[in-house]
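A short write-up of the structure that comes next.
Number of protein chains: 2
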Amino acid sequence: MANARVTAIDRRRTDTRDRILDAAEKLFSERGYDGVSIRDITQLAGAGLALMTYHFGTKDRLFECVLERRAEVLNRDRLAALDAVLARQNPTVGELLSGFVEPYVRYGSGPDAGWRHYCRLIAIVGPTGRWSELLGRLFDSTAEKFIAALTRIEPGLDEERATRAFLFCVGTMVTSFTGNPRLDRLTKRMAIAADLNRTFDYLIPFIAGGVAAIADLAEREAPPPSPRRRSK
Amino acid sequence: MANARVTAIDRRRTDTRDRILDAAEKLFSERGYDGVSIRDITQLAGAGLALMTYHFGTKDRLFECVLERRAEVLNRDRLAALDAVLARQNPTVGELLSGFVEPYVRYGSGPDAGWRHYCRLIAIVGPTGRWSELLGRLFDSTAEKFIAALTRIEPGLDEERATRAFLFCVGTMVTSFTGNPRLDRLTKRMAIAADLNRTFDYLIPFIAGGVAAIADLAEREAPPPSPRRRSK
DNA sequence: GTCTATAGGCTGATAGAC
DNA sequence: GTCTATCAGCCTATAGAC
Numbered sequence: 000m001a002n003a004r005v006t007a008i009d010r011r012r013t014d015t016r017d018r019i020l021d022a023a024e025k026l027f028s029e030r031g032y033d034g035v036s037i038r039d040i041t042q043l044a045g046a047g048l049a050l051m052t053y054h055f056g057t058k059d060r061l062f063e064c065v066l067e068r069r070a071e072v073l074n075r076d077r078l079a080a081l082d083a084v085l086a087r088q089n090p091t092v093g094e095l096l097s098g099f100v101e102p103y104v105r106y107g108s109g110p111d112a113g114w115r116h117y118c119r120l121i122a123i124v125g126p127t128g129r130w131s132e133l134l135g136r137l138f139d140s141t142a143e144k145f146i147a148a149l150t151r152i153e154p155g156l157d158e159e160r161a162t163r164a165f166l167f168c169v170g171t172m173v174t175s176f177t178g179n180p181r182l183d184r185l186t187k188r189m190a191i192a193a194d195l196n197r198t199f200d201y202l203i204p205f206i207a208g209g210v211a212a213i214a215d216l217a218e219r220e221a222p223p224p225s226p227r228r229r230s231k
Numbered sequence: 000m001a002n003a004r005v006t007a008i009d010r011r012r013t014d015t016r017d018r019i020l021d022a023a024e025k026l027f028s029e030r031g032y033d034g035v036s037i038r039d040i041t042q043l044a045g046a047g048l049a050l051m052t053y054h055f056g057t058k059d060r061l062f063e064c065v066l067e068r069r070a071e072v073l074n075r076d077r078l079a080a081l082d083a084v085l086a087r088q089n090p091t092v093g094e095l096l097s098g099f100v101e102p103y104v105r106y107g108s109g110p111d112a113g114w115r116h117y118c119r120l121i122a123i124v125g126p127t128g129r130w131s132e133l134l135g136r137l138f139d140s141t142a143e144k145f146i147a148a149l150t151r152i153e154p155g156l157d158e159e160r161a162t163r164a165f166l167f168c169v170g171t172m173v174t175s176f177t178g179n180p181r182l183d184r185l186t187k188r189m190a191i192a193a194d195l196n197r198t199f200d201y202l203i204p205f206i207a208g209g210v211a212a213i214a215d216l217a218e219r220e221a222p223p224p225s226p227r228r229r230s231k
């Protein structure tokens, strides 16, 4: 009996906490951090205003918890894809990048609205710079592994070039998934921005071609510090 | 005498109006629309709170005026570069894209702080979607001309593919110029995000290689009128 | 054109009852 | 855990003196 009650209380607590996270995730992804008030969030969550403070302390901390909640899952999927790619005989840059992008696209266009909001939130929050430290803490470790793999698969990329190329890829990826209505306008509705899977079919060739171009650039250059590469 | 006084008044008016625009441009580019109050702006501009209302009416309208102020100059430079590229014998995709990106980079990394703020503002404001209509009104006309030129220079690109490729390029461009500290972190300061000119040296090959990859993709496929590609 | 003063409402965060 | 009530301060926008 006592156990049953505790369980019920715990579940209720968890439910409310998650409902607040869900509401925050949705609203932050639509209007950004400063465009949403705690009142908006708790109201959408069907909870009293004070419950945000009770569960998260401050609005800042709530935002961090939203970003933290799904980061580990995203990293796990990406790293699993990385392992799978590296286990192949001759992995290509396109396969490697696809391993990084595909989980993001899959969650970002899948049936779970929370995940869709989360992926969009990451996309709009990165460029502001305000949460750079948080995003780095959550995603830099995985990014480093992909960058290291890039330098191994593509000999034309040293660490700086691989990092630059990787960040170009990430930038292209996130801006492609904000559901930009500009694509609809400029193609006169021949393409629909909301069709992320179709965008994915173009995104991978684009970023793979971009990375290859940077690798070729490096090979044509004279090796500035050490002559580890043949000229011409 | 009367003329001199009117001139003086006009100049003072213009000065204050421009000072408010400058302050708004700077603060909006740092914290986004909702992260800045009218008080912040007028205080930085050294003007009373009510002067924003007098000169611009509402905060929304002020924001629009900030974005409008330099758009025409940017479009003019880009279109001039487009004409120059198309006047050549065999213009390349890289030259065309460079004509679009170079003015943005030049202003965004030049000596004029206002222009640097403006370019950063464009970068952080696009992904939110909130100002999509305004941005479209300001920049879509120029974008359409570059997309049309892409389809002419690169026969592998039909209108949809050219538009998709172009928007990938724009996304890569803007995210590269938010001064992302992640580049500094991940390269252990081998690269500095603030060095936009150096980033430019990698950006052009990256996006040119990406566009070429999409063009090659198109050429390997069945021609446009025929069976539509499955969207996974 | 520019100012001060202020209206009317929303903000993040807290106190205390239950 | 959850609520209502409330704080002190900030918000956009306006009124009216100069």
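If you're matching them up, the sequences are chains A and B in order.
Straight run, no breaks: the first sequence in numbering that gives the first Met the number 0 ends on number 231.
Straight run, no breaks: the second sequence in numbering that gives the first Met the number 0 ends on number 231.
Ideal Cβ placement from N, Cα and C applies to all residues, glycine included.
Local conformation of residue i per DSSP, three classes
i         : result
Glu15(A)  : According to the sequence shown, residue 15(A) is Thr rather than Glu. Three-state result, Thr15(A): helix.
Asp215(A) : helix
Phe176(A) : coil
Val169(B) : helix
Asn89(B)  : coil
Ser230(B) : Because the pLDDT of Ser230(B) is 43, which lies under 50, any placement of that residue in the model is unreliable, and the number read from its coordinates should be weighed accordingly. Residue state, collapsed to three classes: coil.
Ile191(A) : coil
Gly31(B)  : coil
Leu81(A)  : helix
Asp200(A) : helix
Thr162(B) : helix
Gly208(A) : helix
Leu182(A) : helix
Asp76(B)  : helix
Leu26(B)  : helix
Element boundaries [alpha helix (DSSP H), containing residue i]
i         : result
Met51(B)  : 49 to 55
Ile40(B)  : 37 to 44
Asp59(B)  : 58 to 68
Leu137(B) : 131 to 152
Leu95(B)  : 92 to 107
Tyr117(B) : 112 to 124
Within-8 Å CB hit, residue i to chain A
i         : result
Pro90(B)  : no
Gly128(B) : yes
Tyr106(B) : no
Ser28(B)  : no
Asp194(B) : no
Ile40(B)  : no
Leu182(B) : yes
Thr85(B)  : Residue identity check: residue 85(B) is Leu in the sequence provided, not Thr. No, Leu85(B) lies away from the interface with chain A (no Cβ there is under 8 Å from its Cβ).
Asp17(B)  : no
Cβ neighbours of residue i in the same chain (closer than 7 Å, five flanking residues each side left out)
i         : result
Asp9(B)   : In this predicted model, Asp9(B) has a pLDDT of only 46, less than 50, meaning its place in the structure is not dependable; the value taken from the coordinates is given anyway. Nothing meets the Cβ criterion.
His116(A) : Glu24, Lys25, Ser28
Leu78(A)  : Thr141, Lys144
Ala211(A) : Val92
Val173(A) : Ile121, Ala122, Gly125
Phe205(B) : Thr171
Phe232(A) : Because chain A spans 0 through 231 in this model, residue 232(A) falls outside it and cannot be assessed.
Ala214(A) : Glu153, Gly155, Leu156
8 Å Cβ shell around residue i - same chain, five flanking residues per side excluded
i        : result
Arg18(A) : Ala44, Gly45, Ala46
Ala80(B) : Ser97, Gly98, Phe99, Glu101, Pro102
Euclidean distance between Cα positions of residue i and residue j
i         : j         : result
Ala164(B) : Trp130(A) : 29 Å
Pro102(B) : Leu48(A)  : 48 Å
Thr198(A) : Thr91(A)  : 20 Å
Leu20(B)  : Val35(A)  : 25 Å
Gly170(A) : Thr171(B) : 5 Å
Met51(A)  : Ala22(A)  : 11 Å
Leu66(A)  : Ala161(A) : 26 Å
Leu149(B) : Leu73(A)  : 36 Å
Leu195(A) : Ser108(A) : 6 Å
Leu95(A)  : Met189(A) : 30 Å
Arg181(A) : Trp114(A) : 23 Å
Ile40(A)  : Asp76(A)  : 29 Å
Gly178(B) : Lys187(A) : 33 Å
Tyr106(A) : Asp14(B)  : 50 Å
Leu134(B) : Arg184(B) : 32 Å
Within-8 Å CB hit, residue i to chain B
i         : result
Asp33(A)  : yes
Ser175(A) : yes
Ala80(A)  : no
Met189(A) : yes
Phe99(A)  : no
Arg228(A) : In this prediction, Arg228(A) has a pLDDT of 43, which is less than 50 and means its spatial position is unreliable; what the coordinates show is noted afterwards. Chain B contact via Cβ: absent.
Ala237(A) : Residue 237(A) falls outside the range modelled here, since chain A spans only 0 to 231, and no answer is possible.
Ser131(A) : yes
Ala22(A)  : no
Other residues of its chain near residue i: CB distance less than 6 Å, five sequence neighbours each side excluded
i         : result
Leu137(B) : Ala70
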